[in-house]
Amino acid sequence: MTLTKLRRLLTPVVLASAMAASFTAHADATLDKINSRHELTVGVLIGGSPFGSLDPSTQQPRGFNVDLANELGKRLGVKVQLVSVLPSTRVQFLQQGKVDILIANMEYNAQRGEILDHVATPYYRVGGTAITLKTSGITRWEDLRGKPVCISQGSSYIRPIVERYGAIPRAFPGASQSLLALRGGSCVAAVHDAAPLLYPLLQSDPEWHDYRALQPEIEPAPSVIWVRQGEHDTAAKLDTFVRDLHRNGWFIATEAKNGLNPPSPALAEWHQQLPAEN
Amino acid sequence: MDTLLHGFVTATARLGLDYRFLLDDYERVPFVQGLGVSIEIIVSTMTASAVAGLLLLLALRGRNRLVCGLARGFIEVTRNTPTLVQLYCAFLVLNMLITQWLHARGIDNPFKPFFWVVLVLSLHKAAFHAEALRAGFDALPSQTLEGAASLGFSRATRFWRIELPLALRAALPALVNNMVELVKASAVASAIAVGDVTYQSIMIWTQRDNVLALMLLILAFFGVLTWLVTLAGSWLERRYRIPGYGY
Chain A
8 MTLTKLRRLL
18 TPVVLASAMA
28 ASFTAHADAT
38 LDKINSRHEL
48 TVGVLIGGSP
58 FGSLDPSTQQ
68 PRGFNVDLAN
78 ELGKRLGVKV
88 QLVSVLPSTR
98 VQFLQQGKVD
108 ILIANMEYNA
118 QRGEILDHVA
128 TPYYRVGGTA
138 ITLKTSGITR
148 WEDLRGKPVC
158 ISQGSSYIRP
168 IVERYGAIPR
178 AFPGASQSLL
188 ALRGGSCVAA
198 VHDAAPLLYP
208 LLQSDPEWHD
218 YRALQPEIEP
228 APSVIWVRQG
238 EHDTAAKLDT
248 FVRDLHRNGW
258 FIATEAKNGL
268 NPPSPALAEW
278 HQQLPAEN
Chain B
67 MDTLLHGFVT
77 ATARLGLDYR
87 FLLDDYERVP
97 FVQGLGVSIE
107 IIVSTMTASA
117 VAGLLLLLAL
127 RGRNRLVCGL
137 ARGFIEVTRN
147 TPTLVQLYCA
157 FLVLNMLITQ
167 WLHARGIDNP
177 FKPFFWVVLV
187 LSLHKAAFHA
197 EALRAGFDAL
207 PSQTLEGAAS
217 LGFSRATRFW
227 RIELPLALRA
237 ALPALVNNMV
247 ELVKASAVAS
257 AIAVGDVTYQ
267 SIMIWTQRDN
277 VLALMLLILA
287 FFGVLTWLVT
297 LAGSWLERRY
307 RIPGYGY
């Protein structure tokens, strides 16, 4: 065995152990905490949708967010502690260390990117859709021109429906008021998040049987897993898991298992694209 | 006008207040319309609540015990529940049921959010007006009432010509107070997307994040309106003062 041959054999081993050493030495605070306590605390949104809800028979949380949290825990080899968070306070839960990561239907945008870090690969994509009576004669977004549309105050969909489609927004304090106003005939359609809110409503609630959703979704934004600012190692480690879950079709299977319908085209896209990158 | 606006925007920008929406037609026009809508709501509600308050009082003082009981019950329920909850019940629930009922018969619902906010606010304030007027009637001197009765006036004449004018004077400060409350309560219209000034401001600040600048404008707007109501109230008190009568 020549010296070059030996070196060629040894190099990957040396490199790998050096990398492993540097990894353990420089693991960030979150990863250290997870490893030392053998526990991953995940903030999940239990909003009563297929993403997160309470199982009426066992009172245990279930849904897409919950499955993802458990899967990440399994891959890290630690127990998973679930904490139910609300949209209004979820960022504080993460920043104050009450949870290690957030899997809470929280889409990426630049403002959030300034105060938190996130796992680079998204796990879902959420856009807005409009629901309207099947008999309303509205089949495309363009048909909303000049018509009143119910929406939530502060919604990111106000600008696109006004500027692109010329609709007249009727903004209510929240989605529930907006949907009731739609039923009361104050507007011809209501625009909200598609997958977490409107699709489940159309499918599972018989009261909404006469309504349907417009396609394609507007302003699609990636849902990502959030970590505290500066926790790059945690984000990088989870990113390898998320990419793998896309690659092996786990996300698509979990989406179907939780009854998220129609299936997200984004998941199929990522499933196709990710192996090609390697 | 344009240079004036520009001057105002640059001057306030130095104080850290963002009034740039005033330069954008797309936002200034709805805001100015919002001011108008707020005034419309306030004027309609003042008129309607005065009429409804008087009707409630008539019901309270009438001879029919059933009507009296119903009026008493209505006042208690209305006074003791929040306006916002009443508005949601009326607009989101009642209006929805009416729409569905009419829809089944092929008719469009003629009641718009503006109507509901005026209706709910008017009835809410009418209950307070009726209570203020009741206090005014209770304060009528018994000698005056006896004197009027002894002169042979009919019950109706005594009510309209003697009791009500005197009771109104006694109730005036409380009624003006109700009207000031009413001006401020008109902001609940924003909760059901009536395009009043509060609603238009929310729509602007969710896009521009200039909450403070708009809050100051709304505060000033309501401040001026309530001040005008108070002025009108003290003018009325002076105008209808009876020298030596104590009001």
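The listed protein sequences correspond, in order, to chains A and B.
Mapping to the working numbering: the first sequence position 249 is 256, numbers consecutive.
Mapping to the working numbering: the second sequence position 240 is 306, numbers consecutive.
We put the beta carbon where it would ideally sit given N, CA and C, even for glycine.
Less than 7 Å between C-beta atoms, sequence neighbours within five positions excluded: which residues of the same chain meet that for A/E226? G134, G135, S163, Y164, P167
Rounding to the nearest angstrom, what Cα-Cα distance links A/T31 and A/H125 in this structure? With a pLDDT of only 48 at A/T31, under 50, the local geometry of the prediction cannot be trusted, and the value read off the model is given with reservation. Between A/T31 and A/H125, the C-alpha separation is close to 21 Å.
Does the beta carbon of B/M146 come closer than 7 Å to any beta carbon on chain A? Reading off the sequence shown, one finds Asn at residue 146 of chain B, where the question assumed Met. Closer than 7 Å: no.
Listing by chain order, which chain A residues have their CB less than 8 Å from the CB of B/I228? Per Cβ cutoff of 8 Å: no residues; B/I228 is ~47 Å from chain A at best.
Give a yes or no on whether the minimum CB-CB distance between A/L7 and chain B is below 7 Å. Shown here, chain A extends from 8 to 285; a query on residue 7 of chain A therefore has no answer.
Using C-beta distances below 7 Å, list every residue in its chain close to A/T48, excluding the 5 sequence neighbours before and after it, in chain order. Q88, V90, V106, D107
Alpha carbon to alpha carbon, what distance is there between B/V290 and A/G237? 50 Å
Below 8 Å, can you find three or more Cβ-Cβ pairs linking the region 176-196 of chain B to the region 230-246 of chain B? yes
Would you mind sorting A/R44 into buried or exposed? The rule is 16 or more other CB atoms within 10 Å of its CB. Exposed: under 16 other Cβ atoms inside 10 Å.
Let me see if you follow: with CB-CB separation under 7 Å, is B/I268 close to chain A or not? yes
For B/W167, count the other beta carbons within 10 Å of its own beta carbon; 16 or more makes it buried, fewer makes it exposed. Which is it? exposed
Using the C-alpha atoms, what's the distance from A/Q67 back to A/S56? If I take the Cα positions, the gap works out to 14 Å.
On the DSSP bridge assignment, give the partners of A/D200 in chain order. A/G135
Check the Cβ-Cβ distances between A/L187 and every residue of chain B, and say whether any is below 7 Å. Answer yes: the Cβ-Cβ gap between A/L187 and chain B drops below 7 Å somewhere.
Going by C-alpha distance, which of B/V249, B/L234, B/I141 is nearest B/E303? B/L234
Give the DSSP-derived three-state secondary structure of B/Q322 in the structure shown. The question about residue 322 of chain B has no answer, for chain B in this structure spans 67 to 313.
In this structure, how does DSSP classify A/S159 when only helix, strand and coil are distinguished? strand
So, with DSSP's three-state summary, where would you put A/K81? helix
Which residues in the same chain have their Cβ closer than 6 Å to the Cβ of A/H199, if we skip the five residues on either side of it in sequence? A182, L205
Using 7 Å as the limit for Cβ to Cβ distance, is B/A259 near chain A? Yes, B/A259 lies at the interface with chain A (some Cβ there is under 7 Å from its Cβ).
Check whether the region 164-181 of chain B and the region 217-234 of chain B are in contact - that is, three or more C-beta pairs closer than 8 Å. no
According to DSSP, is A/Y218 helix, strand or coil? strand
Cβ-Cβ distance between A/P223 and B/A257 below 7 Å: no
Mind checking whether the beta-carbon of B/F219 lies closer than 6 Å to any heavy atom of the ligand FMN? No copy of the ligand FMN occurs in the structure displayed, which carries no ligand at all.
Could you work out which residues of chain A lie near B/T272, taking near to mean beta carbons separated by less than 7 Å? Identification of chain A residues near B/T272 by a Cβ-Cβ cut-off of 7 Å yields Q160, G161, ordered along the chain.
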